Amino acid sequence: MKPTSLRHYAVLSALLLAAASAQAASTTATATATVLTPMTITKNTDLSFGNIVGGNGTVTIDTSGARSLAGNTAPAVSGGTALSAAKFTVGGTASQGYAITVTPPANLSSGGNNMAFTAFWEALDTATPTPVSSGTPATFTPAGATSYILLGGTITVGANQAAGTYTGTITVNVDYN
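Residues in the sequence shown are numbered consecutively from 1357, following this note's numbering.
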């Protein structure tokens, strides 16, 4: 190749590179991270239906801890276990939404005997009670860093329900959205 051709290629290459850098552009991005307070959940009280006399009906404890009876069930008339809705205190970051997942047992059991059980709950803070339906995970955004979950339930008592203390484990999970 001739020396003049090499010079032409060198000049042409330099011009192309200069044109490419003349068309270059740049921008910036900001990196951010929000650190949230770790979520906590503490059980304050268990769900207690109290003492009842069986008789083919249902017993419900609402989220305030009040009991209602339907059918032929009746409350035991003296002493016994105090009635209560389950209560949980949730800690986290204020105004940050979180998911609530409640996994109740299908039955409360005593030995080999069972009673059907369903659960329902609500989440609240000092500002606004928010009913939350059971089933799929629900979300709640508290105004403050502390909020509460109140859990009630209904049991179905059979006509010939065996005497005993019936129990079941309810799992409550909370996690940021």
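C-beta atoms are modelled at their ideal positions from N, C-alpha and C, and glycine is treated no differently.
For clarity, every value in this text was computed on a predicted model and none was experimentally measured.
Give the DSSP-derived three-state secondary structure of residue i in the structure shown.
{"i": "I1456", "result": "strand"}
{"i": "A1499", "result": "coil"}
{"i": "I1408", "result": "strand"}
{"i": "G1421", "result": "coil"}
What do you reckon, are the CB atoms on residue i and residue j nearer than 8 angstroms?
{"i": "F1473", "j": "G1508", "result": "no"}
{"i": "Y1522", "j": "S1465", "result": "yes"}
{"i": "G1453", "j": "N1529", "result": "no"}
{"i": "T1396", "j": "T1459", "result": "no"}
{"i": "T1390", "j": "G1410", "result": "no"}
{"i": "T1437", "j": "S1424", "result": "no"}
{"i": "I1505", "j": "V1446", "result": "yes"}
How big is the Cα-Cα spacing for residue i and residue j?
{"i": "A1455", "j": "T1401", "result": "21 angstroms"}
{"i": "T1497", "j": "A1380", "result": "46 angstroms"}
{"i": "N1520", "j": "G1500", "result": "It is worth fixing the name first, because residue 1520 is Gly in this sequence and not Asn. Approximately 42 angstroms, taken between the alpha carbons."}
{"i": "N1463", "j": "N1516", "result": "16 angstroms"}
Starting from the Cα of residue i, find the closest Cα among the options and give me that residue.
{"i": "G1514", "options": "R1423, N1469, A1501", "result": "N1469"}
{"i": "G1421", "options": "G1406, I1526, P1461, T1457", "result": "G1406"}
{"i": "F1444", "options": "L1403, N1412, T1390, T1386", "result": "L1403"}
{"i": "N1412", "options": "I1511, P1460, T1390", "result": "I1511"}
{"i": "A1426", "options": "T1414, T1419, D1418", "result": "T1414"}
When burial is assigned at 16 or more other CB atoms within 10 Å of the CB, is residue i buried or exposed?
{"i": "L1392", "result": "exposed"}
{"i": "G1467", "result": "exposed"}
{"i": "A1518", "result": "exposed"}
{"i": "S1382", "result": "exposed"}
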